[in-house]
Amino acid sequence: MTVKYGMLIDETRCTGCRGCQVACKQWNDLPGEKTRNTGSYTNPPALSAKTWNLIQYTEIEANGKAGFYFLKRACMHCEHPACASVCPVGALYKTPEGPVVYDDSKCIGCRYCMIACPFGIPTFEWGKGLLEQATIRKCNLCIDRVSNGLIPACAKTCPSKAITFGERDQLIAQAEAQIKKYPTRYVNHIYGKDEVGGTSILYLSAIPFEQLGLPKLGTAPVTALSEQVMEYTLPFAAAWGATLTGLALFFRLRNRGAEHAAKEKEEAV
Amino acid sequence: MTTLNTTWNRFRIAPGVLILLALMTLGVVVALWRYAFGIGAISNLNDTYPWGLWISFDLLCGVALAAGAFTTASAVYIFNDKRFIPIVRPAILTGFLGYLMVIVALLVDLGRPERIWHLIIYWNPHSVMFEVGWCVMLYTTVLALEFSPLVFEKLGWQIGNVIHRHLTFFLVILGTLLSTLHQSSLGSLFLATPGKVNPLWFSPLLPVYFFLTAVAVGPAMVILESYISSRVFFRGLEVNLLGEFAKVIPIPLGIYLLLRVYDITAAGEWGWAFQGGMSVLFWLELLLGVVAPLILFSLPSVRRDSRRLLGAALLVILFGVVLNRFNVSLLGWVRSTGATYFPNWMEFAITLAIISAGVIAYGLVAKFLPLFVEDPVAQRAPRVSPDLLRRSQFLLFPDAARIQAIAAIAEEVDVDENQVIFEQGQPARALYILLEGTVRLYAKDKSDVSQELHLGTIHPGEPFGISTLIEPYILTASARTVTPCRVLKINGDALRTLCQTDPHLGQTLMQRAAQAALTRMSWARTHLTSTPS
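Residue numbers (the numbering used here), protein chains in the order written: chain P, 955 to 1223; chain R, 948 to 1480.
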């Protein structure tokens, strides 16, 4: 029985130090990127092929006072990943251990994964030509570290213990206990426990998750409908093919019959 | 003025073709730039807008607008309506070129175009894109096979006949099946993105919507394509035939309209139809692209008039399909970040280059391959009323049978004013009889090609292009319309065959042709000698 890993991120413990952001770049050998002042502490402004893990800063008034809130954004490693469901060549897939990973030897660069991901995570190397071989990039939950008994770089580096790496089931139990223990500190919801069928990354927050920058999503995987349609495709094709053949034969015989009758009539005259 | 006109007329095709070639060259340069420096170097696509103009227009609109091929083919070979045989080949060609254009666009848009074949070896049966990829590959092959008889026929190979006779039935059924699957699947692509598409467009019925609109736009595209080719190639426009074909359009449009109205009502999303900029696009799409053509195509007065037919077809094409595909895949999207997207000029350059290549390819096929086949059924029956022939002394025969025989190989063509009908030095492909209007015959001056020598004026009832009857069948003059004209165009090959099989008819026509030539020559002589040059 493989252990299914996950990561619990307690945003109330996050100090916004960006240590995880740097550790991620270091471990994955990601280059720095040219950035600009957007008026927000979030820097660079968005996830990119060079930045797989990003601290987003939100300044809002909550519980009667102005506050500074942080969100560690990276791949959620869904239980039913939309990216993997829609990838035509199966370049993205869910490992039994939890991480959703990418096989860049298969990818054709259609970018449907970016369209489908409900969290807007996969990014593309827009500046690479044919020879440099552009790929899709995103967090892989440090699968190279995890499979060697280490914990992901971001979790390892976090100084305030906001990131806990472990078995997903245990993390859920831990999060529930935490909410029970400090009911005033947390919103009574573990984000990722049930969202889009559950994700490997779980969040605890002091303010509603939408205010933090996470989308409000249902509990069904976003690709439930498209997968269902795909399941019906072959039976439908068989039935429709038979119908078309039947129609074609019917009209052909009917016309032939009509021509025949006309000819006979002509001959009779 | 005259000189200018003459110059333009001589290069009548050239300016258009030059523009197309220039656009193609620009596209090739931009594409090379993209292959060297990445998609980001030529487009404004970004991580928030991974899909843009190329997916919305070149892929989604491209595939939908190529639907004329399967709708026409199924009308003839599944519903066995032989009337539409004359429009099958042009429709297949438009479809075939359309799919090739889609593939070329994908080779620019895909991040790893050199791996497009991975679709064949790596399978993910959950993915709608996987199914679209397979269907497009297979259907392009089907279209290539359906198109191949034109090439074989030209080469004189029997295999074309074999393919046509034995495979057509199978190919058309397979093609219709594949088209149903991927036309609808292009809609299914967006079933994976609930919550991202404006509720006025997101619906579990998206695949049904995409299919129905494709069926409706197929005949509309055939109308557009016939209209353009009748102008460019001086072919008769089969208005009656197209009007009959257009009768089918209100059926898919009507079902589509009912489903969408029901769907939005059932989901309780009408509120969206009255707020924000998208609501304007929604009403444009629904009223101009669906309701208006639904009504127009139901009216016999529209179906009998080529311009009205064209107008209604353009409504379905532009508002019913193009606007719809943009709304579903780009404009109606709710984005999580503040990023924006408007296509870079180089994205337009790629799209325009691909369209230009398609137009040029169509022109080349029309020029060199037997694209416009004569309808075998119509060939037996007179194609124009024999009464039309009786208007001309040139074609007058006492017996009805001979007039019938010529009527069977003639067609009535309308030509605008100041159009060159044929040019000196070209092979004489048809004999013309002027029915209405005025035509001017002229020759090019050997020393100064910009100068025209006026050789005579043709009045209603008179023949021109008589080189068609006289060896070596090369035109000795050019003809241009002075006013809008209606002409009777008699197929040259068929007429010459007729003259051989019916020597009496041949000799009579030959005598009349010689007479006409002599009259014209003596007129020209007096005219030319009396005018100082």
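Note that CB positions come from ideal geometry on N, CA and C, so glycine has one too.
Excluding five sequence neighbours on each side, which residues of the same chain lie with their C-beta closer than 8 Å to the C-beta of proline 1141(R)? For this step, residue 1141(R) is matched to residue 194 along the second sequence. The answer, listed in chain order, is Phe1149.
Neighbouring residues, chain P, relative to serine 1253(R) (Cβ below 7 Å): Your numbering for residue 1253(R) matches position 306 in the second sequence. Those within 7 Å of serine 1253(R) in chain P number zero; the least Cβ separation is about 29 Å.
If we cut at 8 Å on Cβ distances, does methionine 1168(R) have a partner in chain P? Counting from one through the second sequence, the residue named residue 1168(R) turns up at place 221. It does not; no Cβ of chain P falls within 8 Å.
Buried/exposed call for phenylalanine 958(R), threshold 16 Cβ in 10 Å: On the second sequence, position 11 is the one that residue 958(R) refers to. Only weak support is given to the placement of phenylalanine 958(R): the predicted model assigns it a pLDDT of 43, under 50, and the value that follows is read from those uncertain coordinates. Under this definition phenylalanine 958(R) is an exposed residue.
Over the uninterrupted beta strand (DSSP E) stretch that includes aspartate 964(P), give me the two end residues. In the first sequence, counting from the first residue as 1, residue 964(P) sits at position 10. Here the beta strand (DSSP E) through aspartate 964(P) covers 959-964.
Residue-level contact to chain P via CB, threonine 1287(R), 8 Å cutoff: Taking the second sequence and counting its residues from 1, one reaches residue 1287(R) at position 340. Threonine 1287(R) does not count as touching chain P.
Counting only the same chain and skipping the five closest in sequence on each side, list residues whose C-beta sits under 8 Å from that of histidine 1406(R). Numbered from its first residue, the second sequence carries residue 1406(R) at position 459. Excluding residues within five positions, the ones whose Cβ falls inside 8 Å are Leu1381 and Thr1385.
Counterpart residues of leucine 1400(R) in DSSP-defined beta bridges: On the second sequence, position 453 is the one that residue 1400(R) refers to. Answer is Ala1390(R), bridged to leucine 1400(R).
Would you say methionine 1030(P) reaches chain R, if we count a Cβ-Cβ gap shorter than 8 Å as a contact? Position 76 of the first sequence, counted from the start, is the residue given in the question as residue 1030(P). So, not an interface residue.
Determine, using beta carbons only, whether glycine 1190(R) and arginine 1254(R) come nearer to each other than 8 Å. Indexing the second sequence from 1 puts residue 1190(R) at position 243. Indexing the second sequence from 1 puts residue 1254(R) at position 307. No, the Cβ-Cβ distance between glycine 1190(R) and arginine 1254(R) is not below 8 Å.
Which of the three DSSP states is assigned to alanine 1426(R) in this structure? Taking the first residue of the second sequence as position 1, residue 1426(R) is located at position 479. Note: alanine 1426(R) maps to strand in three-state DSSP.
Would the beta-carbon of arginine 1467(R) fall within 8 Å of that of glycine 1372(R)? The residue given as residue 1467(R) occupies position 520 in the second sequence. The residue given as residue 1372(R) occupies position 425 in the second sequence. Against a cut-off of 8 Å, the Cβ pair of glycine 1372(R) and arginine 1467(R) comes out as no contact.
N- and C-terminal bounds of the alpha helix (DSSP H) containing alanine 1091(R): As a position in the second sequence, residue 1091(R) is number 144, starting the count at 1. Unbroken alpha helix (DSSP H) run through alanine 1091(R): 1075-1102.
According to DSSP, is glutamate 1033(P) part of a helix, a strand, or is it coil? Taking the first sequence and counting its residues from 1, the one referred to as residue 1033(P) is at position 79. Here glutamate 1033(P) sits in coil by DSSP.
Rounded separation between glycine 1107(R) and aspartate 1440(R) - CA only: Along the second sequence, read from residue 1 onward, the residue named residue 1107(R) stands at position 160. Along the second sequence, read from residue 1 onward, the residue named residue 1440(R) stands at position 493. Cα-Cα distance, rounded: 22 Å.
Using a 10 Å radius around the Cβ and a threshold of 16 neighbouring Cβ atoms, would you call leucine 1461(R) buried or exposed? For the purposes of this step, residue 1461(R) is taken as residue 514 along the second sequence, with counting starting at 1. It should be noted that the sequence gives alanine, not leucine, for residue 1461(R). With fewer than 16 Cβ atoms within 10 Å of its Cβ, alanine 1461(R) is classed as exposed.
Ends of the beta strand (DSSP E) at glutamate 1130(P)? Mapped onto the first sequence, residue 1130(P) falls at position 176. Note, glutamate 1130(P): premise wrong, no beta strand (DSSP E); alpha helix (DSSP H) at 1122-1135.
Would tyrosine 1174(R) be called buried (16 or more neighbouring beta carbons within 10 Å of its own) or exposed? For the purposes of this step, residue 1174(R) is taken as the residue at position 227 of the second sequence. So tyrosine 1174(R) counts as buried.
Applying a beta-carbon distance threshold of less than 9 Å, which residues of chain R neighbour tyrosine 1066(P)? Numbered from 1 along the first sequence, position 112 holds the residue referred to as residue 1066(P). Ordered by position in chain R, the residues that pass the 9 Å Cβ test against tyrosine 1066(P) are Pro997, Trp998, Ser1074, Val1075, Met1076, Leu1136 and Ala1139.
Coarse secondary structure for alanine 1461(R), derived from DSSP in three states: Here residue 1461(R) refers to the residue found at position 514 when the second sequence is read from its first residue. Alanine 1461(R) falls in the helix class under three-state DSSP.
Jot down the residue ranges of each uninterrupted alpha helix (DSSP H) in the region 1204-1291 of chain R, minimum 4 residues, whole runs only, in chain order. 1223-1230, 1239-1243, 1247-1250, 1253-1262 and 1270-1273
DSSP-derived helix/strand/coil call for tyrosine 995(P): Working through the first sequence from its first residue, we reach residue 995(P) at position 41. In the structure shown, tyrosine 995(P) sits in coil (DSSP, three-state: anything other than H, G, I, E or B).
Between the alpha carbons of aspartate 1392(R) and alanine 1464(R), how many angstroms are there, rounded? In the second sequence, the residue the question calls residue 1392(R) occupies position 445. In the second sequence, the residue the question calls residue 1464(R) occupies position 517. Near 20 Å, if we compare the C-alpha coordinates of alanine 1464(R) and aspartate 1392(R).
Using the Cβ count rule (16 or more neighbours within 10 Å means buried), how would you classify leucine 1442(R)? The residue given as residue 1442(R) occupies position 495 in the second sequence. Classification for leucine 1442(R): buried.
Contact set between histidine 1406(R) and chain P, taken where Cβ atoms lie within less than 7 Å: The residue labelled residue 1406(R) in the question sits at position 459 within the second sequence. Within 7 Å Cβ-Cβ: nothing; histidine 1406(R) doesn't reach chain P, min ~43 Å.
Pick helix, strand or coil for glutamine 1371(R), following the three-state DSSP scheme. Translated into positions along the second sequence, residue 1371(R) becomes position 424. Three-state DSSP puts glutamine 1371(R) in coil, outside helix and strand.
Run of the alpha helix (DSSP H) containing arginine 1443(R), from where it starts to where it stops: On the second sequence, residue 1443(R) is found 496 positions in, with the first residue counted as 1. 1439-1448 is the extent of the alpha helix (DSSP H) around arginine 1443(R).
Exposure label - valine 976(R); buried when at least 16 CB within 10 Å: Start at 1 with the first residue of the second sequence, and residue 976(R) comes out as number 29. Looking at its Cβ environment, which holds fewer than 16 other Cβ atoms inside 10 Å, valine 976(R) is exposed.
Nonlocal neighbours in the same chain, by C-beta distance under 6 Å from threonine 1349(R), ignoring five residues either side: Within the second sequence, numbered from 1, the residue matching residue 1349(R) stands at position 402. First, the amino acid is wrong: residue 1349(R) is arginine here, not threonine. Hits under 6 Å: Leu1452.
List, in order along the chain, the chain R residues whose C-beta lies closer than 7 Å to that of methionine 1184(P)? The sequence position of residue 1184(P) within the first sequence is 230, counting from 1. Per Cβ cutoff of 7 Å: Pro1072, His1073, Val1075 and Glu1078.
Would you kindly report the start and end of the unbroken alpha helix (DSSP H) that includes threonine 1012(P)? For this step, residue 1012(P) is matched to residue 58 along the first sequence. Not the alpha helix (DSSP H): threonine 1012(P) falls in the beta strand (DSSP E), residues 1008-1016.
Can you check whether the CB of asparagine 993(R) is closer than 8 Å to the CB of tyrosine 1288(R)? Here residue 1288(R) corresponds to residue number 341 of the second sequence, with the count starting at 1. Here residue 993(R) corresponds to residue number 46 of the second sequence, with the count starting at 1. A contact, by the Cβ cut-off of 8 Å.
Spatially closest choice to valine 1269(R) from Ser1248(R), Val1010(R), Leu1456(R) and Val1186(R), by CA coordinates: What you label residue 1269(R) is simply residue 322 of the second sequence in a count that begins at 1. When only C-alpha atoms are compared, the closest one is Val1010(R).
Find out if the Cβ-Cβ distance for the pair aspartate 1028(R), alanine 1022(R) is shorter than 8 Å. Taking the first residue of the second sequence as 1, we reach residue 1028(R) at position 81. Taking the first residue of the second sequence as 1, we reach residue 1022(R) at position 75. Going by C-beta atoms, aspartate 1028(R) is nearer than 8 Å to alanine 1022(R).
I need the boundaries of the beta strand (DSSP E) containing phenylalanine 1022(P), first residue and last residue. Looking up residue 1022(P) in the first sequence gives position 68. That run of the beta strand (DSSP E) goes 1019-1027.
Whole-Å CB distance - glycine 970(P) paired with isoleucine 1009(P), under 8 Å assumed: Against the first sequence, residue 970(P) aligns to sequence position 16. Against the first sequence, residue 1009(P) aligns to sequence position 55. About 6 Å; that satisfies the 8 Å criterion.
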